[in-house]
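For the sequence shown, this note's numbering gives the first residue as 2, with consecutive numbering after it. All C-beta atoms in this analysis are idealised placements derived from N, C-alpha and C, irrespective of residue type, glycine included. Owing to the predicted nature of the structure, the values given are computational and were not obtained by experimental measurement. Each remark here refers to the structure printed beneath this line.
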Amino acid sequence: MLRTTEQKKKYIQATRAQNYQASLKLEGITTTAQTTQQSKAEILQKYKKYSQPETLVRYMYGEMGDSL
Numbered sequence: 002m003l004r005t006t007e008q009k010k011k012y013i014q015a016t017r018a019q020n021y022q023a024s025l026k027l028e029g030i031t032t033t034a035q036t037t038q039q040s041k042a043e044i045l046q047k048y049k050k051y052s053q054p055e056t057l058v059r060y061m062y063g064e065m066g067d068s069l
């Protein structure tokens, strides 16, 4: 009985992973390491941009067109 439960858990985990990959693909998100690095770089760049006090205040009051 334990073996069947283990098999069910593995099957469920594999199915969830496949579904997650499929949902990312449908949204146009690729799952390669290169894309992850690009995304990380973009996030860091945006953080640096919005971490400057005057830019942050302008963003908070809606004076900037683009969003985080």
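| query | Excluding five sequence neighbours on each side, which residues of the same chain lie with their C-beta closer than 8 Å to the C-beta of Leu45? | reply | none
| Straight-line gap, Lys47 to Tyr12 (C-alpha atoms, nearest Å) | 39 Å
| In angstroms, rounded to a whole number, what distance separates the CA positions of Tyr21 and Ser40? | 18 Å
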